[in-house]
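Count along the sequence shown from 1, then add 61; that gives the number in the working numbering.
We put the CB at the ideal spot given by N, CA and C, even for glycine.
Have a look at the structure below before the remarks.
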Amino acid sequence: MEPQPNRILIVEDERIVAHNLRRRLESLGFSVPALATTAEQAIVEAERTNPDLVLMDIRLQGDRDGIEAATEIHRRLGIPVVYLTAYTDADTVRRARVSEPLGFLSKPFGLRELQSTIEVALFKHSVDRRVRRAECWHDAALRAIHQAVIVTDEQGAIIYLNPAAASLTGLEERALGKPLSEALTFVRSAPSEDADDPLATALREQRQVDLHPGSVIRGADGRHTPVDGCAIPLLDERGQAAGLVLVLRVLPDHSS
């Protein structure tokens with residue numbers, strides 16, 4: 062079964078230009094399910110045809126321009142947009158970037174430029190979609206596990222915690238952006254004795270460090286909880302510490 066051609070919605074208020082663009086796209090193997098001349102029509106056709114990409118002229122007939130239409134299409138439908146424009150002044154480009162376009166084509170443009178811009182935009186959108194899907198799966202997996210998971214940046218500020226960690230620290234979502242030291246403190250098996258800091262060791266030595274046997278944490282709410290687990294450094298592409306993942310498991314005898 063042959064793959065279906067990518068479907069491109071054209072939004073252009075000059076009909077001769079729009080029909081010429083349609084012929085050029087079809088000669089490149091793309092399908093054009095509809096043409097639109099106004100922002101309102103563009104939104105309606107995007108909902109009706111669900112194209113893979115919208116080629117959007119910035120200047121359109123009516124009260125709303127292509128930037129407004131593209132912003133709504135991207136927000137409501139998640140369809141990528143490439144702008145067609147003869148206006149490349151700084152203010153126009155600044156407004157257009159708000160809608161997160163995947164490219165600009167400055168009129169007049171050649172067939173090769175048209176093809177390469179569309180293919181790059183479609184590829185970027187495909188990659189972005191896979192990344193977002195992976196992030197959703199990853200977040201769902203972290204939320205589903207019973208262990209507390211806390212992620213910090215290289216400065217020790219909390220950038221992620223799952224529900225189990227939010228409950229354990231007593232900070233809930235208020236923990237985001239706070240230093241990890243404000244969310245919890247490690248103590249030995251006797252709550253009054255400070256324990257060696259496994260987090261600092263993991264960052265300094267850039268290796269996974271298991272918590273001390275009998276470790277107890279003191280949350281922001283003052284509760285003391287016996288835990289086991291580990292601290293794992295996050296390394297960047299140069300092998301330098303870029304943050305930390307702390308995985309904690311409440312010991313069974315505490316949860317009874």
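A distance below 6 Å between beta-carbons, with the five flanking residues on each side excluded, links residue 220 to the following residues of its chain, in chain order: 212, 214. Looking only at 157, 297, 75, the smallest Cα-Cα distance to residue 127 is reached by 157. Between the stretch 151-169 and the stretch 79-99, the count of Cβ pairs shorter than 8 Å is below three; the stretches do not touch. Under the DSSP assignment, residue 287 falls in the beta strand (DSSP E) whose first and last residues are 285-296.
The C-beta distance from residue 305 to residue 267 rounds to 10 Å, too long to meet the 8 Å contact threshold.
Just so you know, the alpha carbons of residue 122 and residue 114 end up roughly 21 Å apart. Residue 302 is bridged by DSSP to 296.
For residue 152, the enclosing alpha helix (DSSP H) begins and ends at 151-158.
Pairwise C-beta distances place the stretch 102-110 out of contact with the stretch 73-90, as fewer than three of them are shorter than 8 Å. For residue 78, the enclosing alpha helix (DSSP H) starts and ends at 76-88. Residue environment for residue 83: buried (at least 16 other C-beta atoms within 10 angstroms of its C-beta). The beta carbon of residue 291 sits closer than 6 Å to those of 269, 271, 308, all from its chain and outside the five residues before and after it, given in chain order.
Residue 184 sits in a helix when the DSSP states are folded into three classes. Per DSSP, the continuous alpha helix (DSSP H) segment holding residue 132 begins and ends at 127-138. In the DSSP assignment, residue 248 falls within the beta strand (DSSP E) that extends over 245-248. For residue 69, the closest of 278, 293, 179 by C-alpha to C-alpha distance is 179. Following the DSSP letters along the chain, one finds residue 70 inside the beta strand (DSSP E) bounded by residues 69-72. Put simply, the backbone Cα of residue 145 is about 14 Å away from that of residue 172. Assignment of residue 228 by DSSP, reduced to helix, strand and coil, places it in the helix class. Nearest Cα to residue 160 within the set 80, 92, 136: 136.
Contact between the stretch 229-249 and the stretch 276-283 is established, with three or more Cβ pairs separated by less than 8 Å. Residue 93 and residue 120 have their C-alpha atoms spaced approximately 20 Å apart. Separation of the CB atoms of residue 147 and residue 168 is rounded to 4 Å, and the pair is thereby assigned contact status at 8 Å.
At a Cβ-Cβ threshold of 8 Å, residue 131 and residue 142 count as neighbours.
DSSP places residue 281 outside both helix and strand once states are collapsed to three, so it counts as coil.
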